[in-house]
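Engineer: First residue of the sequence shown? That's 1 in UniProt numbering, and the numbers climb one at a time after it. Ideal Cβ positions, reconstructed from N, Cα and C, are used throughout, including at glycine. One structure coming up, written as structure tokens, with questions to follow.
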Amino acid sequence: MADKKIGEYYAPPPKMGKWEGFKKFIWNSETSQCLGRTGSSWAKILLFYIIFYAALTGFFAAIFAVFYQTLEVDKPKWMLDNGLIGSNPGLGFRPMPPEANVESTLVWYESSKKDNYMYWVEETERFLKYHTYDELPKKNQVNCSFEHPPPEGKVCGVEVSSFAPCTFDNNFGYHLARPCIFLKLNKIYNWEPQIYDLANLPKDMPEGLKHHIKEKQSLRPNETAVVWVSCEGENPADVENIKSRDYYPRMGFPSFYFPFKNIEGYIPPIVAVQFTVETGVLINIECKAWARNIKHDRSDRRGSVHFELMVD
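The structure is reproduced here in structure tokens:
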């Protein structure tokens, strides 16, 4: 606020109360200033910020436009060995322990207490409904077989009934000492399995799986294009405490589910493994997927998955 000049000196501004000073700051009728600025000053600063933010927005829009020109909506830019995921899929298992034990891989329950084992039953049912899109339209899905793989633009469906007796009606075996664990192979875009043949089975493949493959080869040779799965106890004591294990609907993932092309409605294949185990004992289990282009690394859990099972 300009002071009034008296002769050769400037007089101090008149004293005003807080409210009067605030009103003067909002609008000064003497200088035609609003909030300490004239109309032209406000116009100049407003114009500056409009130009500044418009230029900033245009700059970032141009950067994103160039960036998105290098990407494709339905597939990753870097695939297989060129991507961070790589070309060696891992295995996952369900059901998982409660979120409170996020780092745990222990499936433990008391088969005589419904309130205790129902968590695992409901968690498994939730996984199947989500994974098989049971409550959603089955878009692009067709029934597949080894003789009839999916046509271009279509994907194979998964029928929950094929996992029987590992079904919700049977409590997935949790009311007994025969729990069902579901295995899934992690999705990698455009990955195709290189199937083992009888002449090139690896030395470290379990003998039971080798026998199963040979039996399939002799009885149903057209049904051996499978990413095989085996589940074994990690230690000699664990092996003894697993009485049996059964695989549904088969002992692996059929090749007609691959490759994953991000087609809407795609469902990764699942294998249900029903274990019959010794009660009251903690059992360490390792499951592996078998194909010529799947390498196993226990420390990184590549091509395999580990979990513990304990039934009281």
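Let's test the definition: count the other Cβ atoms within 10 Å of the Cβ of F52 and tell me whether it reaches 16, buried, or not, exposed.
Structural biologist: exposed
Engineer: My understanding is that A291 touches V227, with C-beta atoms under 8 Å, so please give their C-beta distance in whole angstroms.
Structural biologist: 5 Å
Engineer: Of the residues F163, F307, C34 and V107, which one's Cα is nearest the Cα of M251?
Structural biologist: F163
Engineer: So S299 and E286 are supposed to be a Cβ contact under 8 Å. How far apart are they, rounded?
Structural biologist: Taking C-beta atoms under 8 Å as the contact rule, S299 and E286 fail to qualify, at a distance of about 12 Å.
Engineer: For the beta strand (DSSP E) that contains K210, what are its first and last residues?
Structural biologist: For K210, there is no enclosing beta strand (DSSP E); the residue is found in the alpha helix (DSSP H) stretching over E207 to L219.
Engineer: Take T276 and list the residues in its own chain whose beta-carbon comes closer than 6 Å to its own, dropping the five residues that flank it on each side.
Structural biologist: Cβ neighbours of T276 beyond the five flanking positions: R178, K243 and S244.
Engineer: Would you kindly work out how many angstroms separate the C-alpha atoms of T105 and V311, rounded to a whole number?
Structural biologist: 14 Å
Engineer: Bridge partners of G233, per DSSP?
Structural biologist: I285
Engineer: Go through its chain and collect everything with a Cβ distance to N143's Cβ below 8 Å, but skip five positions before and after it.
Structural biologist: The answer, listed in chain order, is C156 and G157.
Engineer: Please tell me whether L91 and L183 are closer than 8 Å, where the distance is taken between their beta carbons.
Structural biologist: Yes; because the gap between Cβ atoms is below 8 Å, this pair is in contact.
Engineer: Going straight from the alpha carbon of R94 to that of R126, what length do you get?
Structural biologist: Approximately 10 Å between the Cα atoms of the pair.
Engineer: DSSP on A54, reduced to helix/strand/coil?
Structural biologist: helix
Engineer: What separation, rounded to the nearest whole angstrom, lies between the Cα atoms of M96 and G173?
Structural biologist: 16 Å
Engineer: Could you give the residue range of the alpha helix (DSSP H) that holds Y117?
Structural biologist: Following the DSSP letters along the chain, one finds Y117 inside the alpha helix (DSSP H) bounded by residues K114 to H131.
Engineer: Please go through the same chain and pick out, in chain order, the residues whose beta-carbon is closer than 6 Å to the beta-carbon of P269, but skip the five residues on each side of it.
Structural biologist: F253 and Y257
Engineer: By a C-beta neighbour count over all protein chains shown, 10 Å radius and 16 as the cutoff for buried, is W19 buried or exposed?
Structural biologist: exposed
Engineer: Cα-Cα, which of S112, P98 and C180 is closest to V271?
Structural biologist: C180
Engineer: For F260, which of K154, N190 and N116 has the nearest alpha-carbon?
Structural biologist: The residue with the shortest Cα to Cα distance from F260 is N190.
Engineer: Distance, Cα to Cα, E234 vs E264?
Structural biologist: 38 Å
Engineer: Which residue marks the beginning of the beta strand (DSSP E) containing D246, and which one marks its end?
Structural biologist: I242 to Y248
Engineer: Please state whether DSSP places A65 in a helix, a strand or coil.
Structural biologist: helix
Engineer: My output table needs one value for S255: the three-state DSSP class, helix, strand or coil.
Structural biologist: S255: helix per DSSP, three-state reduction.
Engineer: Could you please give the first and the last residue of the uninterrupted beta strand (DSSP E) stretch that includes K184?
Structural biologist: C180 to L185
Engineer: Is the Cβ-Cβ distance between N88 and I294 less than 8 Å?
Structural biologist: Their beta carbons are under 8 Å apart, which means N88 touches I294 by this criterion.
Engineer: Taking the alpha-carbon of I213 as reference, which of D204, L198, K203 and P202 has the nearest alpha-carbon?
Structural biologist: L198
Engineer: Buried or exposed for D238, going by 16 or more other Cβ atoms inside 10 Å?
Structural biologist: buried
Engineer: Residue range of the beta strand (DSSP E) that L309 falls in?
Structural biologist: Where L309 is concerned, the enclosing beta strand (DSSP E) stretches over S304 to V311.
Engineer: How long is the line joining the alpha carbons of F60 and K44, rounded to whole angstroms?
Structural biologist: 25 Å
Engineer: What residue from N140, S112 and D169 has the CA that sits closest to T279's CA?
Structural biologist: Nearest C-alpha to T279: S112.
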